[in-house]
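Chains as they are written, first to last, in the working numbering: chain H, 1 to 227; chain W, 1 to 227.
Data first, discussion second: the structure below is written as structure tokens.
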DNA sequence: GTCTATACTAAGATAGAC
DNA sequence: GTCTATCTTAGTATAGAC
């Protein structure tokens, strides 16, 4: 009896894995249950016995993604500043981001967003993530570490949006720009923007922002949890 | 004879306008030709006489959008620095951004992206926009005004991605956060990132970055061409 | 439990009457 | 040139054999 249980779980994992890959490369609408079943090597009917609907399957992926984010956000701060925690969250979003999910979660239209808001399991987690991120922004602003003029909800949405950017570039180019570099650029852009002041005005700043860009990149990558 | 011509053009403009609105609020896949026809007040068949396919209609919208961007990018620099021109472009993208187009153009999957790459009229413009933006980034880096560690293609994709963020927020909240403020936040985040240095290190910097946030916001809004 | 075959639905696209 | 009615395709979902 327990053997079948395990086999069932294994197959379900296989399905989820395939679905994640397909969804990431083709998006929600262009990924059909037929393709998922075909890739796994089972029939559509069997697939529907594991997941009673497409949205159940996609919902599972979203829950997994959000749970990973929540685990990071709910972990003890360990003295990390709000800005660093935001960077770490963005780093995770960039690396595990599935292209099919992210963009449509950003859009306030789109099937994915409707799905998330519809399913309590997804909605609750999503709202917790958003709330948690917004709180970190507010915290950072109170501490003077984040521009007070930035609207917190916009910052949060910007993170979701930016989490896609690296993936696109990886898709466009061959290996000219590896994903680690792309992810690093995204996180740095989030932290420091594109603008760079003409000359580092003090040694303190030089140390803080990194005068040699290579070092700064490594630091940021470490902060964001990129490989 | 010429009367009919004009009437035809007028109706076509009406169709385009309706399509843009629907697409912006519901996205590509959730906007059907039926809905477009219904909203305009004509039948599907008539709609198909103006635009032989859905992609023709959507393609038209994309071309219009990209042409506006190109007009801005190809206008004489007038002494504007690369960073300022990038900010202006992003400002335009944020304001006229159609939610249905932007996100799927970011994704390297998605129907919209396929459409753009498929249709020469779209593809050529899109590539010109990307090239032009990337060149501005490189220019800014050469001048020392943009972080040299940032990968230019990533910056460009980040702009496309960020252009969605403001729209989402506007969709979520009521009027708590008006779209001008949201757009301003996005552009500022792009320029300066979220991180703010503890204390302005010199009067020069105070002036350059803006010590009172209100002023800085206004300056940025002006730079980006936001109302 | 897994497959084959099929029902059902929605959307893109077209034919033919007027 | 516009509409009604219809075709085609594709994708979700299910029934029934094994």
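Backbone N, C-alpha and C fix where the C-beta goes; we use that ideal spot for every residue, glycine too.
>> Between which residues of its own chain and residue 130(W) is the CB-CB distance below 6 Å, once the five residues before and five after are set aside?
In response: 156
>> Quick check on residue 15(H): does DSSP put it in helix, strand or coil?
In response: helix
> Taking Cβ to Cβ, would you say residue 86(H) is nearer than 8 Å to residue 22(H)?
Replying inline: no
> How long is the line joining the alpha carbons of residue 104(H) and residue 24(H), rounded to whole angstroms?
Replying inline: 12 Å
> Roughly how far, in whole angstroms, is the beta-carbon of residue 182(W) from the beta-carbon of residue 154(H), given that I think they are within contact range, below 8 Å?
Replying inline: 5 Å
>> Ignoring anything shorter than 4 residues, give me the alpha helix (DSSP H) runs that lie fully in the stretch 40-118 of chain H, in order along the chain.
In response: 44-50, 54-74, 82-96, 102-106, 111-118
> Using a Cβ-Cβ distance under 8 Å, would residue 157(W) count as near chain H?
Replying inline: yes
> Relative to the C-alpha of residue 164(W), which residue among 121(H), 119(H), 160(H) is closest?
Replying inline: 160(H)
>> Rounding to the nearest angstrom, what Cα-Cα distance links residue 205(W) and residue 142(W) in this structure?
In response: Confidence at residue 205(W) is low in this model, with a pLDDT of 49, below 50, so the placement of that residue is unreliable and no value is reported for it.
> Beta-carbon separation of residue 147(W) and residue 118(H) under 8 Å?
Replying inline: no
> In the structure shown, what three-state DSSP assignment does residue 188(W) receive?
Replying inline: helix
> On the premise that residue 26(H) lies in contact with residue 180(W), defined as a C-beta separation below 8 Å, what is that separation, rounded to the nearest angstrom?
Replying inline: Incorrect: roughly 36 Å between the Cβ atoms, too far for contact.
> For the alpha helix (DSSP H) that residue 135(H) lies in, which residues bound it at each end?
Replying inline: 120-142
> Between residue 122(W) and chain H, is there a C-beta pair that is closer than 8 Å?
Replying inline: no
>> Let me confirm a value: residue 67(W) is counted as buried when at least 16 other C-beta atoms fall within 10 Å, else exposed. Which label applies?
In response: exposed
> Does DSSP put residue 205(W) in a helix, a strand or coil?
Replying inline: Any reading at residue 205(W) is ruled out, since the residue's pLDDT is 49, under 50, leaving its predicted position unreliable.
>> Tell me which residues of the stretch 134-161 of chain W have at least one Cβ-Cβ distance to chain H shorter than 8 Å, keeping chain order.
In response: 137, 140, 144, 145, 146, 147, 148, 149, 150, 151, 153, 154, 155, 157, 158, 160, 161
> Going along the chain, which residues of the stretch 19-37 of chain H sit with their C-beta nearer than 7 Å to a C-beta in chain W?
Replying inline: 25, 26, 27, 29, 30
>> Counting only C-beta atoms, is residue 205(H) closer than 8 Å to chain W at any point?
In response: Low confidence applies here, because residue 205(H) scores a pLDDT of 48, under 50, leaving its location unreliable; read the following figure in that light. Yes, residue 205(H) lies at the interface with chain W (some Cβ there is under 8 Å from its Cβ).
> Who pairs with residue 195(H) in a beta bridge, going by DSSP?
Replying inline: 146(W)
> Secondary structure at residue 4(W), three-state DSSP: helix, strand or coil?
Replying inline: helix
> In its own chain, which residues sit with a C-beta less than 8 Å from the C-beta of residue 186(W), not counting the 5 before and 5 after it?
Replying inline: 90, 94, 162, 163, 165, 166
>> Considering only the alpha carbon of each residue, which of 150(W), 83(W), 42(W) lies closest to residue 8(W)?
In response: 42(W)
> Using 8 Å as the limit for Cβ to Cβ distance, is residue 95(W) near chain H?
Replying inline: no
> So what does DSSP say about residue 27(W), is it helix, strand or coil?
Replying inline: coil
> Grouping DSSP H, G and I as helix and E and B as strand, with all else coil, what is residue 177(H)?
Replying inline: coil
> In chain H, which residues lie with their C-beta within 9 Å of the C-beta of residue 107(W)?
Replying inline: 27, 99, 100, 102, 103, 104, 164, 167, 168, 171
> CA-CA distance, residue 225(H) and residue 169(W)?
Replying inline: Because residue 225(H) sits at a pLDDT of 49, beneath the cut-off of 50, its placement in the model cannot be relied upon, and the following sentence gives the value as read from the coordinates. Whole-angstrom Cα-Cα distance: 27 Å.
>> Suppose you measure from the CA of residue 64(H) to the CA of residue 13(H); what does that come to, to the nearest Å?
In response: 12 Å
> Quick one: what does DSSP say residue 151(H) is sitting in, helix, strand or coil?
Replying inline: coil
>> For a test of your reading of the model: does the CB of residue 70(W) fall under 7 Å from any non-hydrogen atom of the ligand FMN? Yes or no.
In response: For the structure depicted, the ligand FMN is absent and the ligand set is empty, with no information on it obtainable.
> Apart from the five residues on each side of it in sequence, which residues of its chain come closer than 8 Å, Cβ to Cβ, to residue 46(H)?
Replying inline: 37
>> So residue 228(W) and residue 101(W) are supposed to be a Cβ contact under 8 Å. How far apart are they, rounded?
In response: Any answer about residue 228(W) is impossible in this case: the structure gives chain W only from 1 up to 227.
> Does the distance from the C-beta atom of residue 188(W) to that of residue 149(H) stay below 8 Å?
Replying inline: yes
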